[in-house]
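Mapping of the sequence shown onto the working numbering: position 119 corresponds to residue 109, and the numbering continues sequentially without gaps. We put the CB at the ideal spot given by N, CA and C, even for glycine. Read the structure below first, then the notes.
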Amino acid sequence: MSITHLHHTSCLAFPIPIPIPLISRSIHKVITPSISQLSTFRALTVRRLQIHCRSFHTTRIYTSHQSLGTISRTRRGARNMASPGSRSPRSDLEKQYTSSTSSSKVDRKAKKEIAVAQPSSSILLISPQNQILLLHRIRTSSSFPSAHVFPGGNLDPFHESPIPSPSSPSRHVDSETYRLGAIRECFEESGILLALPSASPSPSPHDPTKNSNKKQLLHISEPEASQARKEIHSRNIKFSTWLSQQGGIPDTDSLLPFTRWITPSNLPKRFTTQMYIYFLPLSSSSPSTETEIENGSMTTNQGKEIHTTPTHDGGIEHTAAEFAYCSTWLEKARRGEIILFPPQFYLMELLSSFLPSAGPDTNSKTNFSTEQLAAQRAQVLHFLQGDGDDGTGVFWGEKVMSPLSLGIKKRNGDGRVILGLEGQGPELEGMDRKGDAKRVVLVRFGKEGPREVEVREKREVLEEERGVDGVGGGGGGAKL
């Protein structure tokens, strides 16, 4: 129904267009029709209705191509929307997620071209105590404002080249270009340089964690690193050039691919993001004091102290950088203390069973031994070599996930969006690379971002929702 405003001096709320025969002879008196009256005119089509309101001096012309049957259903729907217990108005973010589709080239619901997915990479950086690094993004950020994220960002043609074109299949495949971008972004954003002295041997392809636990990273003084971060971010010098001048090489071989994420089709900014895990070297002996842990220092087998304390980038993109256990971050998100988007929550949920907190309290300072830490890392490596028991046969390093709404969880008035993770996105439509067919993410999209995020087995959610009236509504592309 289209509405043309001829004169607008105030806002007049009128429930529905009224068929002309139901208007009294006095043009300023409008009779509100009953449902039975509307049914009488079900076959009519409203073309134009001019309503003059003396008190508001407002004239509107309503043009409609809807039948009165549709109008009557709209009236009933409006009453239902206002009833107690109904869902709150959907946020823009929820609308974008639930209206996304898996179709290629054109979003059929929105009738618009799908935004090009920009290539980016990110690192799940694991500390010597098997904690994970998150950065707190600034409130005014154009992407993930106020959220806690892994270090990473877009590939930059000034630093990394060649960057695959949007039509190239390699745009969505792990490569040296993505790895270089991940290491550069990690250094720019946290100050931690994942680089080796030029003469260092490459890690073993059979067990990269074995070498990662003992290797010696390139040492750069804090003043030098701070200045370099600014120069590299400002594109005054290429990252690879600066690193070569320091006698180092990027430690790309130690990056472990851990899923690729393609932004759903209807979001205005889209990314194709390669995720990696990187294990910082273990100390020659597990830190014995709380001070050593908080300072982020470790001593390599060569006796050289390397600082692994993250620092934010001065407020350019982040306001804080901190290591904590996966379980600590997840619990903060559940309490509403921080914002975690579905990819970050999901990946840390997977790792939390292999990299647990050192004590029953998530803030515990109890230490694991070096042997225990190494064993935990070995479990992660073994996990990455499987497909997550989802039956797809796609290993974690090859999985591609583009969250797609399966509907709204109706059981007990939950109201959260159910995001399926099996789809690979419109760019890879029809290819064998898929995501996680076993799990789903439940999330409530508020104005400030995602809340009440939860990872569940898809089968369990389906069983809970079976038989619920209207299950699966509000989703795009698929239904429960």
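| query | So which of V451, L83, I153, L409 has the shortest CA-CA distance to N256? | reply | L83
| query | Between G143 and the rest of its own chain, which residues show a CB-CB distance below 7 Å, the 5 nearest in sequence each way excluded? | reply | S110, E175
| task | Could you check which residue in E438, S81, R423, Q414 has the C-alpha nearest to that of P254? | result | Q414
| request: With a 10 Å radius around its C-beta and 16 neighbouring C-beta atoms as the bar for buried, classify V461 as buried or exposed. | output: With a pLDDT of only 48 at V461, under 50, the local geometry of the prediction cannot be trusted, and the value read off the model is given with reservation. Result: buried.
| task | Could you tell me which residues DSSP pairs with Q108 in its beta bridges? | result | F261
| What's the gap between the Cα of R250 and the Cα of S224? | One C-alpha to the other measures close to 28 Å.
| query | How do the region 370 to 386 and the region 314 to 326 stand: do at least 3 beta-carbon pairs fall below 8 Å, yes or no? | reply | Result no; under three Cβ-Cβ pairs closer than 8 Å.
| request: Sort out for me which residues DSSP pairs M391 with in a bridge. | output: Residue pairing by DSSP puts M391 in a beta bridge opposite W251.
| With distances taken between CB atoms, is the gap from L345 to V384 smaller than 8 Å? | no
| query | Cα separation between A137 and I328? | reply | 7 Å
| message | Please state whether the Cβ-Cβ distance between T309 and I116 is less than 8 Å. | response | no
| field | Close beta carbons around E178, own chain, < 7 Å, minus the five adjacent residues each side | value | R219, I222, H223, D303
| query | Thinking C-alpha only, which one of H162, V445, P300 is nearest Y215? | reply | In the sequence as presented, Tyr is not what sits at residue 215; that position holds Ala. It is P300 whose Cα lies nearest to the Cα of A215.
| query | If you compare alpha carbons, which of V451, G397, F335 is closest to E442? | reply | F335
| said: What does the alpha-carbon distance come out to for the pair R367 and Q206? | reply: 18 Å
| How would you call N70, buried or exposed, if buried means at least 16 neighbouring beta carbons within 10 angstroms? | At N70, the pLDDT of 38 sits below 50, so the modelled position is not reliable and the matter cannot be decided from this model.
| Separation of R406 from K322, as counted between CA atoms | 19 Å
| Coil, strand or helix - I173 by DSSP | helix
| Inter-residue spacing [alpha-carbon to alpha-carbon] between H162 and P118 | 31 Å
| field | 6 Å CB neighbourhood of G487 in its chain, flanking five on each side removed | value | The requested residue 487 does not occur in the structure, where the chain is confined to residues -9 to 470.
| said: Suppose you measure from the CA of K259 to the CA of T360; what does that come to, to the nearest Å? | reply: Cα to Cα, the separation comes out at about 42 Å.
| Exposure label - S342; buried when at least 16 CB within 10 Å | Note on S342: 16 or more other CB atoms within 10 angstroms of its CB, so buried under the neighbour-count rule.
| query | So A185 is in the alpha helix (DSSP H); what residue range does that whole segment cover? | reply | It is not in any alpha helix (DSSP H) - A185 instead sits in the beta strand (DSSP E) that spans 185 to 187.
| request: Specify the secondary structure class of E419 as computed by DSSP and reduced to three states. | output: coil
| query | Should G237 and P187 be called a contact, given that it needs their Cβ atoms to be closer than 8 Å? | reply | yes
| task | Report yes if the C-beta distance between R446 and L432 is below 8 Å; otherwise report no. | result | yes
| message | Using the three-state DSSP reduction, which class does G460 fall into: helix, strand or coil? | response | Low confidence applies to G460: its pLDDT is 49, below 50, so where it sits in the model is not reliable enough to give any reading.
| Sorted by chain position, which residues of the same chain lie with C-beta nearer than 6 Å to T64's C-beta, five sequence neighbours on each side aside? | Here T64 scores only 40 on pLDDT, less than 50, and its place in the model is too uncertain to base an answer on.
| query | Between I227 and the ligand PLP, is the CB less than 7 Å from at least one heavy atom? | reply | Only the bare structure without any ligand can be found here, which leaves the ligand PLP out of the picture.
| message | Relative to the C-alpha of P332, which candidate in E103, S81, P440 has its C-alpha closest? | response | P440
| Can the beta-carbon of I252 be found less than 8 Å from the beta-carbon of A105? | In this structure, A105 does not lie closer than 8 Å to I252 by Cβ.
| said: Need the endpoints of the alpha helix (DSSP H) that E361 sits in, please. | reply: That run of the alpha helix (DSSP H) goes 360 to 374.
| query | H162 by DSSP, collapsed to three states: which one? | reply | helix
| query | Where does Q362 land, buried or exposed, given buried means 16+ other C-beta within 10 angstroms? | reply | exposed
| said: Do E312 and L184 count as a contact pair if the criterion is CB distance below 8 Å? | reply: no
| field | Segment limits, alpha helix (DSSP H) that includes K448 | value | 448 to 455
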